[in-house]
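Below is one structure, written out as structure tokens; comments come after it.
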Amino acid sequence: MEHRHRFLVPAAAGAVSQLLSPFVGDTELRDRLSFYAVNFVLVWATGLLVFLILEKLGLSWALSLLGVSIFLTSRFTIASAALPVIDSAYFLAIALIVYLTLERRVLLLACLMPLLGYALNRKTQRYPVPLFLQLILPIAVGFAVLNGNLGIMLQAAFVPVIVYALIFVEHCMSRSGEEPS
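With the sequence shown counted from 1, adding 7 to any position gets you the working numbering.
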């Protein structure tokens, strides 16, 4: 279950597989069930976000429900849930970005970008971010807690936050999560 760029779904499926191991002896069947369980939850969450997005845009609940049905019955969505693939997280990420943008939750979106970049870079090692640069963030958080002035103290971590946010943006802009050339 090793994937170079999109590793969250395989990691979650691996965890589910361990939970299922006492109940399902066949390794191949257990892996397929694990991917299905993880992908089903991600597709369900994406459907919920699609519904909320459509309602936020002013569509009635009936039209929003129809829109979710269109998403859920798409052959790509069905394949994402039914097969041991990893595209369900991609759909969820798109819906989450759209939803947070519509809700004007810019701070939350901005906070998630450096996290999804840190995680991506940690897995892919595309950019060599030195340890001292990585340690700036926990030091800034520590100073912010001690000082009580979150704004200015967290601003001290601007370099690693920007680095990881840009890694996230590059990953999102690359075609299907492939490494940009």
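All C-beta atoms, glycine included, are put in the ideal place defined by N, C-alpha and C.
Rounded to a whole number of angstroms, what is the C-alpha to C-alpha distance between residue i and residue j?
{"i": "residue 92", "j": "residue 106", "result": "24 Å"}
{"i": "residue 12", "j": "residue 26", "result": "Caution is warranted here: a pLDDT of 46 is assigned to residue 12, below 50, making its placement in the model unreliable, and the coordinate value is therefore given only provisionally. Near 25 Å, if we compare the C-alpha coordinates of residue 26 and residue 12."}
{"i": "residue 98", "j": "residue 117", "result": "19 Å"}
{"i": "residue 37", "j": "residue 123", "result": "28 Å"}
{"i": "residue 96", "j": "residue 158", "result": "32 Å"}
{"i": "residue 19", "j": "residue 67", "result": "35 Å"}
{"i": "residue 33", "j": "residue 70", "result": "43 Å"}
{"i": "residue 80", "j": "residue 101", "result": "18 Å"}
{"i": "residue 22", "j": "residue 94", "result": "18 Å"}
{"i": "residue 86", "j": "residue 73", "result": "20 Å"}
{"i": "residue 47", "j": "residue 65", "result": "27 Å"}
{"i": "residue 138", "j": "residue 181", "result": "26 Å"}
{"i": "residue 173", "j": "residue 121", "result": "8 Å"}
{"i": "residue 125", "j": "residue 77", "result": "34 Å"}
{"i": "residue 153", "j": "residue 83", "result": "50 Å"}
{"i": "residue 148", "j": "residue 113", "result": "20 Å"}
{"i": "residue 24", "j": "residue 54", "result": "24 Å"}
{"i": "residue 146", "j": "residue 155", "result": "14 Å"}
{"i": "residue 45", "j": "residue 134", "result": "29 Å"}
Can you tell me where the alpha helix (DSSP H) with residue i in it begins and where it stops?
{"i": "residue 46", "result": "34–63"}
{"i": "residue 106", "result": "94–109"}
{"i": "residue 165", "result": "165–180"}
{"i": "residue 141", "result": "138–154"}
{"i": "residue 131", "result": "124–131"}
{"i": "residue 82", "result": "82–89"}
{"i": "residue 27", "result": "15–27"}
{"i": "residue 79", "result": "68–79"}
Return the Cβ separation of residue i and residue j in integer angstroms, given the expectation that the two are a contact with Cβ distance under 8 Å.
{"i": "residue 127", "j": "residue 175", "result": "6 Å"}
{"i": "residue 151", "j": "residue 161", "result": "5 Å"}
{"i": "residue 103", "j": "residue 56", "result": "6 Å"}
{"i": "residue 50", "j": "residue 88", "result": "5 Å"}
Hey, out of the options, whose CA is closest to residue i's CA?
{"i": "residue 129", "options": "52, 171 and 102", "result": "171"}
{"i": "residue 119", "options": "149, 71 and 169", "result": "169"}
{"i": "residue 16", "options": "43, 34, 35 and 54", "result": "43"}
{"i": "residue 131", "options": "178, 41 and 75", "result": "178"}
{"i": "residue 109", "options": "134, 61 and 75", "result": "61"}
{"i": "residue 136", "options": "115, 167, 35 and 88", "result": "167"}
{"i": "residue 39", "options": "52, 90, 29 and 115", "result": "90"}
Using a beta-carbon distance below 8 Å, is residue i in contact with chain C?
{"i": "residue 108", "result": "Looking for chain C here will not work: only one protein chain is present."}
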